[in-house]
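Worksheet: one structure, shown below.
Residue numbers (the working numbering): 5 to 182.
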């Protein structure tokens, strides 16, 4: 169902501290549909209207957002961040179930887009790993744009209607994540 990423791995050349070229790779392991841990309060399918800003054709843009978190305790390996995020997201979606909804065109041109919420929907969560540390890419400040692009989902326009909200958790060798 998902065509999130074109290839499971992509190599980017970078210079390390010794000025030697190294290949930085991001490998996609799985894309899992995360559903709310308890049934959201939906007795029936619900169609929610969007705000004027959400439906303005002049503001038809996709927002892609990247955050990096370092592993504060280098002496021990914390629990796998992907599983922690997966469980927390599942719990949060009980209250924020519209994040699992799908976008569709309204019945008339004035209506623009609508958000359809139904039982059984979920949010795609991508599990990936990088073969470098956050330090090696200066906490993403010096990473090449090709490498950064691999850290953020980039759905095609059709898929962004089906899954308007997607997350990717990339775990680095140091235990940090983006």
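Ideal placement from N, C-alpha and C gives every residue a C-beta, glycine not left out. For clarity, every value in this text was computed on a predicted model and none was experimentally measured.
Every unbroken stretch of the alpha helix (DSSP H) spanning 4 or more residues and falling wholly within the region 28 to 99 is given here in chain order: 56 to 59 and 85 to 96. Beta-bridge annotation (DSSP): residue 172 is paired with 130.
Residue burial is scored here from C-beta neighbours: residue 180 has at least 16 other C-beta atoms within 10 angstroms and is therefore classed as buried.
In the displayed model, residue 154 falls within coil according to three-state DSSP, outside both helix and strand. Partner residues in the beta bridge of residue 121, as assigned by DSSP, are 50. In the three-state DSSP reduction, residue 138 falls in the coil class, being neither helix nor strand.
Around the CB of residue 100, fewer than 16 other CB atoms lie within 10 Å, so the residue is classed as exposed. Per DSSP, residue 165 is one residue of the alpha helix (DSSP H) stretching across 161 to 166. A direct Cα-Cα distance of roughly 7 Å separates residue 105 from residue 125.
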